[in-house]
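Under the working numbering, read the sequence shown as residues 50 to 105, first letter to last.
Ideal Cβ positions, reconstructed from N, Cα and C, are used throughout, including at glycine.
Everything numeric in this text was worked out from a predicted model, so none of it was measured.
Worksheet: the structure to be examined is printed underneath.
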Amino acid sequence: MEDVKIAQLDKQQLDKINELEKKIGVTLVAYDCATMSSQGSGAYQTNNSTHNNHPS
């Protein structure tokens with residue numbers, strides 16, 4: 050089993066996550082991409098900001 054860590058978010062990032070959670074009605078979890086395996090499913094991609102997201 051992989052040892053994956055929860056991301057440490059600043060206030061601005063956390064506010065964006067909270068806003069999105071309210072908008073779509075789900076709980077989101079931000080993972081530290083430095084601890085994730087590079088041989089994963091490819092479901093995560095890096096964007097121009099400091100966090101990762103699902104391509105859909």
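Rounded C-alpha distance that separates D52 from A83: 11 Å
8 Å CB neighbourhood of S78 in its chain, flanking five on each side removed: According to the sequence shown, residue 78 is Val rather than Ser. These residues qualify, in order along the chain: I55.
Rounded C-beta distance between T76 and E70? I'm assuming under 8 Å. 6 Å
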